[in-house]
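Just below is one structure, and these are the notes that go with it.
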Amino acid sequence: QRSYPTWWLESQHRFILTIDDEEVYSATLGGKEDEEAVDLAQTPAITEIQNRFAKIRIPVSAGTHKLGVAFEARTFAESDRIVDHISPGEGQDNIPVVVSFKAVGPFNAGGLPDVPSRNKIFSCYPADVAQQGPCAREILSTLARQAYRRPVTEDDMKPLMQFYDSGLEQGGFETGIQKGIMAMLGSTKFLYRAEPLPEGAQPGQAYPLTELASRLSYFLWSRSPDEELLSIAEQNRLSDSKVLKQQVTRMLTDPRAQSLTHNFAFQWLRIEDIDSIDPDPRIYSEFDPDLRRGLKQELELLVDSILRSDRSVIDLLDADYSYLNERLARHYGIDSVRGSQFRKVALQDERRWGLLGKGGVLMLTSYPNRTSPVLRGAYILDTFIGTPPAAPPPGVETNLDTQPGETVLTVRQRLEEHRSQPSCNQCHGVIDPMGMALENFDAIGLWRDVDRYAGVDIDAQGRLVTGQQMNGPDDLRAALLARPDQFTWALTSKLMTFALGRTTEYYDMPLVRSIVKQAGDDNYRFAAIVQGIVASPAFQMKAMSEEEAHAGSTSARHFCLDPA
Numbered sequence: 049q050r051s052y053p054t055w056w057l058e059s060q061h062r063f064i065l066t067i068d069d070e071e072v073y074s075a076t077l078g079g080k081e082d083e084e085a086v087d088l089a090q091t092p093a094i095t096e097i098q099n100r101f102a103k104i105r106i107p108v109s110a111g112t113h114k115l116g117v118a119f120e121a122r123t124f125a126e127s128d129r130i131v132d133h134i135s136p137g138e139g140q141d142n143i144p145v146v147v148s149f150k151a152v153g154p155f156n157a158g159g160l161p162d163v164p165s166r167n168k169i170f171s172c173y174p175a176d177v178a179q180q181g182p183c184a185r186e187i188l189s190t191l192a193r194q195a196y197r198r199p200v201t202e203d204d205m206k207p208l209m210q211f212y213d214s215g216l217e218q219g220g221f222e223t224g225i226q227k228g229i230m231a232m233l234g235s236t237k238f239l240y241r242a243e244p245l246p247e248g249a250q251p252g253q254a255y256p257l258t259e260l261a262s263r264l265s266y267f268l269w270s271r272s273p274d275e276e277l278l279s280i281a282e283q284n285r286l287s288d289s290k291v292l293k294q295q296v297t298r299m300l301t302d303p304r305a306q307s308l309t310h311n312f313a314f315q316w317l318r319i320e321d322i323d324s325i326d327p328d329p330r331i332y333s334e335f336d337p338d339l340r341r342g343l344k345q346e347l348e349l350l351v352d353s354i355l356r357s358d359r360s361v362i363d364l365l366d367a368d369y370s371y372l373n374e375r376l377a378r379h380y381g382i383d384s385v386r387g388s389q390f391r392k393v394a395l396q397d398e399r400r401w402g403l404l405g406k407g408g409v410l411m412l413t414s415y416p417n418r419t420s421p422v423l424r425g426a427y428i429l430d431t432f433i434g435t436p437p438a439a440p441p442p443g444v445e446t447n448l449d450t451q452p453g454e455t456v457l458t459v460r461q462r463l464e465e466h467r468s469q470p471s472c473n474q475c476h477g478v479i480d481p482m483g484m485a486l487e488n489f490d491a492i493g494l495w496r497d498v499d500r501y502a503g504v505d506i507d508a509q510g511r512l513v514t515g516q517q518m519n520g521p522d523d524l525r526a527a528l529l530a531r532p533d534q535f536t537w538a539l540t541s542k543l544m545t546f547a548l549g550r551t552t553e554y555y556d557m558p559l560v561r562s563i564v565k566q567a568g569d570d571n572y573r574f575a576a577i578v579q580g581i582v583a584s585p586a587f588q589m590k591a592m593s594e595e596e597a598h599a600g601s602t603s604a605r606h607f608c609l610d611p612a
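Residue numbers 49 to 612, in the working numbering, belong to the letters of the sequence shown in order.
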């Protein structure tokens, strides 16, 4: 049972439930009667109020419907009960909201529903007993082709038909189909993406993939092949380089290719980490959930606009535009954007260009209470250059926070003390200059000129291992743009990991360099990189390992950058 705060009872609020935009139920909360009842009866009265919003049964026809629940708008005035609070989001607490609801059913279902999902299963229906077997085979073979992501064989169909026969004896034709589908969904052929080994395959011997369509669709769409790709695979036309290239082009322009942004780019750039970072509210009181969502949405839209528009991947470093709504634009000091909807905005401030100027990247490479040139430098080395730094030696103190009673030093001063040890300087001499170039951005991506604690101007100068002097994000971006092949190499290596389902090894490096070189002739377009990976022997072929030789005749592998 849940107790309600007294302010909910001061005024009457009307709750409504809608189905397909039609009101089907309403109840009230609060008002004079509820307030008096709770004051006199306490728990029983609260229970009665709760029951108004529980076990609401509404007759609904089968099929897809739109459900809506809300409290009817009464006022948009904010409460002044809490004038100023340290936690974001406080101050608007006198307006009830529906946090969650659960729909359960059906109860007392009458008859068989005529819905799209059922019609998709029953592509035929037998008129008599003689038609049951052929119709069942048609239904199960059609579904198995989609579930197994390839053409089905008689060996695939045999166990499914056995389960169908068992269900047919128990409860008739539909029970037989149900049992056949249950067997299909429980099969390892559905649960795992397995690549059958050819007869007589030897360890280390390379052989062409028989399920190239499946590997291609999960690479570009993160889902099973569509009908066109399956049909081409059945005709053995994917072995034709022209046909394969046409399919890759088609799939990259399909909306389903947006999964490359969500599944590949989110892992590569660690965008999901934004959700797990909680900046200290005592220091960054302006940070709120809307800003967190905005920082993540900005990166998603920016990356997607480059990857799926067939632009050069180098634009990720120097794109002079972004996608902002009013909340995020204010965060960046831009006052020409109004409303919550994201739209493309030209950036006049060059310091905000590309990924290096995005608040999401700057926040996920900081600590909750301060910036970290070490985290930012290591992120750039790993993500943009492809040379992740080594872990710190054991026993080295890595906590650079100012301790109580100590003189407040800038981050640069604390790092200089840390680098005074030769064993630390070996790595920090490479990492820190890149991170220091971004030091004017605080831990949530706001630009600052003065260190708020040390009270001195931010010094963002540094020298790369090449001897190049830097002072700020513009110089760092220029240094990265001077070696576009290095950035493309880092991206291509990560993309190959995503495509192959394994980390790239030393023997893959000639292939990666070849793909980058070919893409360089095409201005490093993302589509050129994808075409190079798909056309490679590493993508189209597989070699049986010693473990697979001992394990059996099939192997299964999940294709993602981070299998965990």
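Each residue gets a CB set at the ideal place from its N, CA and C atoms; glycine is no exception.
Excluding five sequence positions before and after G477, none of the CB atoms of its chain fall closer than 6 Å to its own CB.
Residue burial annotation: R400 is buried, with at least 16 other C-beta atoms found within 10 angstroms of its C-beta. When DSSP assignments are scanned along the region 355–411, the uninterrupted stretches of beta strand (DSSP E) that are 3 or more residues long and fall wholly within it turn out to be 369–372, 391–394. Under the three-state reduction of DSSP output, D505 falls in the strand class. Secondary structure note for F312: it is in no beta strand (DSSP E), with a DSSP letter that is neither H nor E.
When the beta-carbon positions are compared, T413 and L423 come within less than 8 Å of each other. If you check the CB distance, L292 and V582 come in under 8 Å. When DSSP states are grouped into helix, strand and coil, R166 belongs to the helix group.
Across the set V296, G78, D204, D176, the C-alpha of V296 shows the shortest separation from the C-alpha of L264.
With respect to the 8 Å criterion, P436 and L486 are not classified as neighbours on the basis of their beta carbons. In the DSSP assignment, L65 falls within the beta strand (DSSP E) that extends over 61–67. Straight-line measurement puts the Cα of P273 at about 8 Å from the Cα of Y266. By the neighbour-count definition (other C-beta atoms within 10 Å, threshold 16), D82 is a buried residue. In the three-state reduction of the DSSP assignment, T458 falls in the coil class, being assigned neither a helical nor a strand state.
Assignment of beta-bridge partners to E70 by DSSP yields I67. For V578, the uninterrupted alpha helix (DSSP H) segment begins and ends at 574–582.
It is roughly 12 Å from the alpha-carbon of A254 to the alpha-carbon of G248.
About 12 Å separates the Cβ atoms of T309 and L364, ruling out a contact at the 8 Å cut-off. Classified as exposed, G515 has fewer than 16 neighbouring CB atoms from the shown chains inside 10 Å of its CB.
The region 501–510 makes no contact with the region 535–550; the number of CB pairs closer than 8 Å stays below 3. Sequence-distant Cβ neighbours of N519 in its own chain, meaning closer than 7 Å and more than five residues away, are A508, Q509. The residues D397, W495, in chain order, have a CB closer than 8 Å to that of G381 in the same chain once the five nearest residues on each side in sequence are set aside. The DSSP-derived three-state label of R241 is coil.
Residue pairing by DSSP places F119 opposite F63 in a beta bridge. For the region 474–543, the full-length alpha helix (DSSP H) segments reaching 4 residues or more read 521–529 along the chain.
Between L343 and G434, the C-beta spacing is not below 8 Å. DSSP, read as helix, strand or coil, puts K590 in strand.
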